Structure formats: structure tokens, C-alpha cells
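With the UniProt record's numbering applied, the sequence shown corresponds to residues 1 to 802, in that order.
We put the beta carbon where it would ideally sit given N, CA and C, even for glycine.
Keep in mind it's a predicted model, so treat the numbers as computed, not measured.
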Amino acid sequence: MSFFSRSSNQPPTQTTPQGSYSRLPPQPGAYPNQQQRVPVPRYTDSPSYEKPGYNRSAVPARARGAYAVVSSPSDALALSNCLIVHPSDFAAGQHVFVKQQYPLTTRHDDTGKLAPGSVGPSALHRQWIGLSVTGDEVTVEPIPFKPSYLQSVDIEVGFMRRGHEIAEQFSSDEMAKNFIRAFGAQIFSAGQILAFEFHGQNLKGTIKALSVVELTDAQHRGGSPPESSKMGILMEGTDVNFLKAPDSAIKIKSSAKKAPSNAILAPNFKFEDMGIGGLDSEFATIFRRAFASRVFPPALVDKLGIQHVKGILLHGPPGTGKTLMARQIGTMLNAREPKIVNGPEILNKYVGASEENIRKLFADAEKEYKSKGDESGLHIIIFDELDAICKQRGSTQGGTGVGDSIVNQLLSKMDGVDQLNNILIIGMTNRLDMIDEALLRPGRLEVHMEISLPDEQGRYQILNIHTAKMRANRVMDDDVDLVELAQVTKNFSGAEIGGLVKSATSFAFSRHVKVGTMAGISDDIENLRVNRTDFMSALEEVTPAFGVAKEELEQVVENGIIHYSRIIDDVLRSGELFVDQVRTSTRTPLVSLLLHGPPGSGKTALAATIAQASQYPFMKLLSPDSMVGYSEGQKVATISKIFADSYKSPLSVIVVDNLERLLDFTPIGPRFSNAVLQTLMVLLARRPPKGRRLLIIASTSVRPILTDLGLSECFDSELRVPPISSLRSLQYVLDEVQLFSTRGERDQAIKMLEQAGFGEEDEHTSRLNIGIKKLLSVVEMARQEPEAVAERLTNSLMGLGM
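If you want it as C-alpha cells, here you go:
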């Protein structure tokens with residue numbers, strides 16, 4: 001007889017001291033061969049269960065329902081997972097407590113072998129309850145309350161015979177249907193051990209978890225005792241999930257309709273609660289690429305013929321939240337505790353020890369995957385500073401080859417012959433170019449996510465996170481506007497915004513230090529507030545690494561711009577147009593401008609002024625002044641780094657000063673650095689990454705040389721900055737710098753210059769030909785002799801060979 005068939009056509013019933021009732025609500029078609037019946041079982045006509053102070057142990061054992069324990073009369077009855085009873089003792093299908101805590105459903109003995117006053121639990125039930133058949137007695141009594149119905153139940157299943165293995169893969173959906181059909185209307189509890197047959201195989205299951213449908217107080221008839229949440233009645237709508245037992249070789253094909261029981265997403269998480277701001281779009285992309293496939297049932301993913309993403313690589317500038325993001329991914333997932341490894345910690349001085357450290361990281365995931373397969377939990381391994389151990393193979397010379405071996409070991413673990421599908425590797429680096437290419441291909445670290453500098457909305461979120469406690473504890477003044485701070489902190493990384501807040505609090509602390517001491521605290525400490533002035537002071541102290549080179553640019557325009565000629569206005573106006581072009585044009589994300597003219601004509605000052613007026617978040621001065629003593633290779637590395645840094649900002653401007661000095665050009669020979677030349681030619685013409693825009697303003701005093709070198713073709717436009725070649729322009733400069741105290745002295749000086757031959761207005765024939773930078777130097781020298789300023793000025797200009 002198959003254990004799927006039932007020995008009775010009546011569904012089990014439940015009885016309370018007030019009477020009996022059918023356990024399942026009428027469900028037409030649920031069990032077509034069953035009819036409702038309401039028998040009145042024994043030992044339920046006494047109302048003593050509801051009497052206050054009722055003590056079960058005070059009642060004699062036989063009166064409480066003590067029964068002799070014998071073996072199940074037949075294997076078929078043992079597979080029914082019911083407590084086998086004599087028809088004279090209990091009604092069929094009644095829910096009872098064995099030993100006052102183990103719920104079971106009764107079934108009549110149809111073999112005639114069971115005597116009245118005895119019960120026949122199966123061997124698995126005896127193991128679960130702790131019974132023996134050698135003269136043991138056990139109490140059996142009806143459950144004194146109405147049990148709830150099972151909403152879901154998780155059953156860990158394996159073969160009854162240890163070590164048994166077959167090639168067939170069982171469908172979880174089919175097993176659930178057969179289980180409900182065979183055991184519908186029976187009661188089950190957490191931890192219960194049961195047996196059933198499927199496709200001719202005897203299986204052993206353990207109920208790991210269950211959830212019940214909550215009943216109202218009226219349905220509970222007097223209230224639900226604590227045990228009601230630990231047990232429930234199986235019904236047609238119960239969600240039955242089968243899990244592979246760790247010690248069994250059974251193969252279970254997961255449901256294609258149900259979400260996996262080991263769902264990875266934790267409910268009700270928010271990024272801001274995790275202390276992460278400005279990375280919403282990055283999180284969305286990572287979820288889509290790495291976690292979306294893990295949310296769906298494994299059987300559905302198997303139909304698509306794909307495997308989960310195994311690796312994510314986070315790269316970007318320092319301080320943008322890569323490490324924080326990786327650490328907090330474990331918070332949003334119902335996964336194993338992430339293993340966090342700093343790259344250098346893998347290295348070991350002993351031969352083979354570094355590779356062994358890699359293998360240890362994957363040991364737990366391998367063990368669980370062998371026992372549970374696709375039902376295995378997700379194992380996350382986080383590598384910080386990945387470039388320290390995964391450099392390009394063959395790039396290190398004269399070493400022991402440990403770096404190459406580590407890369408090989410990591411590659412084999414991620415995508416080798418025995419590849420795992422329950423791991424997620426998260427790597428972080430500031431140097432994507434240093435990572436071995438084999439590690440970046442699909443199947444390994446295939447999701448490359450740039451964690452860039454936060455935009456204005458992202459900066460507002462980060463400021464909101466860092467000042468949350470200040471606002472909650474009312475120690476931040478109302479004049480602090482986070483929207484304003486988000487606007488003025490252009491190109492600040494998350495770490496730099498945190499530093500800004502700490503700097504602002506330090507200014508607030510300093511106001512409450514006792515005068516004359518560095519450690520005493522003033523009495524009005526309870527009035528401590530962080531205000532807007534503190535944040536503005538902090539902005540002068542904390543500067544972004546990828547922001548404006550403010551001091552360098554201010555230094556080259558220290559004397560301001562003197563508009564001695566209409567051409568100067570034209571240059572500034574043209575520069576403003578190029579700035580607007582880069583900001584707004586969708587076709588020209590890269591614009592390069594060359595300013596050329598004689599030495600000292602103010603090219604660098606004009607370029608810096610255009611850059612400052614752009615208000616771009618990234619401004620950098622690339623000058624040979626900062627590379628004195630650099631080798632050719634060091635110059636190339638410095639130039640490349642400045643351009644690479646500019647690509648991290650949405651809007652950038654680079655002022656390349658004195659091109660001929662960067663190239664080490666000298667007319668004797670001539671000689672120049674070909675490596676630097678080739679670097680500049682490549683970088684000046686390279687379009688920035690998508691979403692980035694770059695303006696390059698270069699200057700040179702030897703324009704014809706650039707044509708010979710082929711560098712002039714790299715610029716989109718050229719503007720000439722002329723020298724001062726007319727007395728009108730010279731007079732304008734003298735008035736601007738206020739060299740003379742009276743107008744008469746100024747006119748006398750102009751007259752002396754005319755007599756010296758500087759009065760010609762034509763630029764090509766004029767004797768006067770001097771750059772503004774040198775002229776200002778001459779003016780300052782003349783100012784040192786107040787009694788003869790005009791004579792000193794004239795003699796100095798003549799002494800320059802003009």
C-alpha cells in the first residue's frame with residue numbers, strides 16, 4: 001500500500017473541552033475523497049483543562065492518557081507520519097500531544113495488530129520524542145486549543161539510507177505537491193523528524209522552520225497558548241520548501257516560482273542609514289549586475305543558462321567611499337559575514353604561504369557549496385588595495401614571482417575547474433591600470449564600477465549624514481545651510497567632507513577654551529554651537545585633492561591684469577567663450593587653446609585668469625617650476641597624473657605653462673625631450689571619458705618651434721599676446737601702477753621717453769617692445785629712487801637694448 005493513500009475517508013478533527021470541530025474550513029475540491037466528520041474523542045469531556053490552577057502532573061498517569069509504546073504495525077503506517085492508535089482509544093485524524101509537548105495526528109491501525117491502550121509511533125518519531133519500545137509508557141492527550149494553519153514550512157531532506165546516491169534530480173515543486181497531497185490536514189511542528197516516499201525513494205526530512213497563519217481570539221476560543229506559533233496544520237495553500245540536507249547526496253531542483261529560501265536582501269534597508277551618501281546610482285547598477293539574479297529562484301536562473309556574477313571591482317579617487325561601500329554591502333545582504341582582507345596581508349615570507357592564504361579565504365564557501373549546491377548561502381570576500389597583490393603578471397623584475405602566483409591562485413579559485421557559484425569577490429583599488437587584465441574579464445571581476453567624486457546632490461546627502469547627530473542634539477546653529485555647503489564644496493570627496501565637518505567643530509571648540517590656557521574649558525560649554533562661520537573657516541583649511549590649485553593660480557596673477565591694449569580684452573573674451581563651449585557643448589568635450597607671445601607678455605597670468613573665471617571644480621597649473629630636477633620619466637609620470645586627475649572631475653581646466661621648458665628645449669643643438677613631447681601630443685588630443693569635459697590652456701614664447709615639433713596641430717585655437725610697443729600703452733600701465741604722484745611728473749616722463757626714441761606707435765617699427773612682466777619689474781626699480789623716477793625709468797628701458 002502506498003503511503004500516499006489514506007486509510008480513512010474522513011478528514012481529521014479537533015476537539016476542545018467545549019466540543020469538537022472540523023480542523024479545516026470547507027474547501028471544495030481540496031480533498032475530494034474526504035468528508036467532514038465530528039467525532040467526540042475520549043478524555044475530552046472533562047472541563048478541567050480550563051480550570052484555573054490545573055496541574056497535569058497531579059492527575060494519575062492512566063487518567064491523563066498513559067499508553068504503552070510499541071512499534072508501528074507496518075511500514076506503510078510508519079510512512080504516514082501519524083501516531084498509530086487503536087480505534088477504541090482515539091478518533092482518526094485527531095491532534096494530540098505526546099509527552100505534553102510533541103504534536104502528532106492520530107491514525108487507526110488497519111492491521112489489527114495494535115492492542116487497546118497502546119500507541120505505535122514510527123522509529124523516526126521515537127527518535128524525535130525520545131521513546132523506546134521496551135516497556136515504555138507515554139502520555140497522549142488531545143491538544144486543548146485550536147492549532148493554527150501552516151503558511152509555510154521549510155523541510156531539510158535527504159535519503160533515508162546514509163551514503164545513498166542516485167543521478168536523478170528531484171523537482172522541489174513536484175515534491176511539495178505530493179507532500180501536501182499525502183499529509184494534508186496533519187499537524188507538524190518545528191524540529192519534527194518525518195519520513196516519506198518520493199519516486200520510489202525513502203526520504204528522511206527534518207522541519208527546520210515554519211510560519212503559521214495568525215488566528216483571531218474568537219478562532220482560538222479563549223486565547224492562543226505560546227505553543228501555537230511552533231506548530232500548525234498543513235493545508236493545500238501551505239508553501240512547502242525543500243532544502244538539501246548537508247550530509248546527503250540528494251539532488252533537488254529548486255522551484256522556478258518561489259524566491260530562494262536563502263534570499264540575500266535584508267528588508268527595509270536604506271543607504272543613508274548605512275552611512276553612505278551620493279552613491280545611489282552606483283548601488284542601483286551594482287544591484288542590477290551582481291544581485292538581481294540572486295533574488296530570483298535558482299531554477300529560473302538555471303533556465304536562462306547563466307551563472308551569477310562572481311566579482312565586482314570598485315575603482316576611483318581616494319576617499320570617495322569604496323571601502324565603506326564594500327563593507328556596508330554585507331549590511332544590505334542576508335549573507336555570511338564578509339571576509340575583509342587588506343591586500344598586503346595576503347603576502348607571507350614563506351614559500352607557498354601567500355597562495356595558501358588565498359585558498360583559506362575560499363575554504364568555507366567550497367565546503368558549503370559541496371553540501372548544499374545552489375541552496376548555499378552567499379560568501380562575500382572583500383579585497384582592499386587589490387593592486388598590491390594583483391599587479392600585471394610579469395611586470396615585476398628580479399622578484400620571487402610570488403605576485404604572479406597569487407594572481408594565478410585567485411584566478412583558479414574564481415573561475416577554475418571547480419568553480420563556485422556561491423561567492424562574491426569585491427575588489428577595491430585606486431589604480432585600475434595596475435590590475436592584471438585576466439582578472440578583469442567576464443566570469444571574474446567583471447563588474448567595473450567607478451566610484452567618482454560626488455555631485456551636488458551626493459554632497460548634500462553626505463553632509464546630511466555627517467551632521468545628523470549635531471542636528472538631533474541641537475548643537476548646530478540654524479544659520480548652517482547644507483544646500484549652500486553642498487554648492488561650495490565642489491570636488492570634495494566623502495572623506496574630505498567628513499574632514500570639513502571635523503574642522504568646523506574644532507573652530508566651535510576653540511571658542512569655548514579659557515583665555516590663557518590650552519586645556520581649560522569655559523563655563524558656557526553648554527552653549528556650544530557649530531555655526532556657518534565655522535564651516536566657512538573650515539573651507540579655508542580643508543581643500544579637496546581634486547579641486548582648485550588656488551595658491552598656484554593666485555601666485556601667477558598676483559599683480560592682476562592690466563588692460564593696456566584692446567587685444568588683452570579680446571583674449572579674455574575669447575577665453576570666456578571657450579570656457580562656455582566646454583561647459584555647454586555636447587560635441588566638444590575637449591578644447592585646447594594656445595597663448596603665444598614674447599617672454600614676459602603676461603601669457604601665464606591671462607591663462608590663469610581665464611581658468612579662475614571659469615569656476616570649474618578642477619583647476620590645475622602644470623608648470624616646469626614644480627619639476628626642477630625631475631628626470632624624463634618623472635616628468636612624464638607627473639604630466640600623466642595631472643591629466644588623469646582631471647578626468648575624475650566633470651569639468652576641469654589645466655593651464656600648461658611654458659611648453660618649451662617642459663620639453664627641455666634649447667636652440668643649441670637643438671635639443672628636446674622626445675618622451676615628454678610624445679606624452680603631451682597624446683594627452684592634448686585625448687578626449688576625456690564619457691561625462692567629463694576638459695579645457696587646456698597652454699602658453700609658449702617660441703611659437704615657431706611648436707610647428708617644427710608637430711605640437712601646434714594639437715591645439716584647436718591660438719591667441720597672440722602682444723608686448724607693449726606704444727607710449728599710449730606704456731602710459732596706461734604707469735597710471736595703473738601709480739608710479740607718479742602727480743600728473744606733471746607723468747607727462748615729464750612721457751616727454752623724456754619720446755626724446756629717447758620710444759614715441760613710434762607702429763608695433764613693427766617702434767623701438768619700445770617690452771613685455772608687461774618685465775615692464776612692471778622696471779617700474780618697481782624706478783620707484784626706489786623717488787627723486788629721479790623719470791630718468792631712472794628711461795635709462796632702464798634704454799639699458800634693455802630698446
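Bridge partners of lysine 204 according to DSSP: Gly158 and Ala195. Bridge pairing for alanine 486: absent [DSSP]. For phenylalanine 183, the uninterrupted alpha helix (DSSP H) run begins and ends at 172–183, by DSSP.
Here DSSP, grouped into helix, strand and coil, assigns phenylalanine 383 to strand. Shown here for methionine 470: same chain residues with a beta carbon closer than 7 angstroms to its own, the five before and five after excluded, namely Met476 and Val530 in chain order.
Glutamate 141 and alanine 209 have their alpha carbons spaced roughly 25 angstroms apart. Nearest to glutamine 169 by alpha-carbon distance, out of Ala299, Val153 and Phe145, is Ala299. Annotation for arginine 720: the continuous beta strand (DSSP E) segment containing it runs 717–720. Taking 8 angstroms as the cut-off, the beta carbon of aspartate 645 is found closer than this to the beta carbon of phenylalanine 546. Going by beta carbons, glycine 321 and isoleucine 451 fall inside the 8 angstroms limit. Rounded to the nearest whole angstrom, the CA to CA distance from valine 98 to glutamine 201 is 29 angstroms. Looking at the DSSP output, lysine 251 sits in a beta bridge with Gln169. Here leucine 482 has Tyr460, Leu463, Asn464 and Thr467 as same chain residues with Cβ atoms under 8 angstroms from its own Cβ, once five neighbours each way along the sequence are excluded. Secondary structure at proline 318: coil, using DSSP grouped into helix, strand and coil. Glutamate 437 sits exposed, since fewer than 16 C-beta atoms from the chains shown fall within 10 Å of its C-beta. Restricting attention to Val778, Val157 and Ile435, the CA atom closest to the CA of valine 737 is found in Val778.
Aspartate 89 counts as buried, since no fewer than 16 other beta carbons sit within 10 angstroms of its beta carbon. For the alpha helix (DSSP H) assignment, the uninterrupted runs of no fewer than 4 residues enclosed by the segment 641–720 are, from N- to C-terminal side, 659–662, 674–685 and 703–709.
The C-beta separation of leucine 572 from isoleucine 610 comes to about 7 angstroms, placing the pair in contact by the 8 angstroms criterion. Assignment of beta-bridge partners to threonine 139 by DSSP yields Ala66. Here the alpha carbons of alanine 182 and asparagine 422 stand approximately 34 angstroms from one another. Judged by beta-carbon spacing, leucine 727 lies within the 8 angstroms limit of isoleucine 750, meaning their Cβ atoms are closer than that value.
Rounded to the nearest angstrom, the gap between the Cα atoms of arginine 126 and lysine 370 is 31 angstroms. Here leucine 577 is exposed: its Cβ has fewer than 16 other Cβ atoms, across all protein chains shown, within 10 Å. Look at proline 298 here: in three-state DSSP terms it is helix. Annotation: glutamate 174 to proline 144 spans about 35 angstroms, alpha carbon to alpha carbon. Check the Cα spacing between alanine 685 and each of Glu660, Ile668 and Leu711: the tightest is with Leu711. Here proline 87 is exposed: its Cβ has fewer than 16 other Cβ atoms, across all protein chains shown, within 10 Å.
From the listed residues Glu368, Pro344 and Asp404, the smallest Cα separation to histidine 379 is found for Glu368. Here the segment 502–513 makes contact with the segment 530–541; the two share three or more CB pairs at distances below 8 angstroms. Of all alpha-carbon atoms in Gln457, Gly498, Phe287 and Gly499, the one lying nearest the alpha-carbon of glutamine 487 is that of Gln457. Per DSSP, the beta-bridge partners of alanine 209 are Asp154. Beta-bridge analysis with DSSP links valine 513 to Ile521. Rounded to whole angstroms, the separation of the alpha carbons of isoleucine 705 and proline 667 is 9 angstroms. Beta-bridge partners assigned by DSSP to phenylalanine 242: Ile155. In the three-state reduction of the DSSP assignment, proline 103 falls in the strand class.
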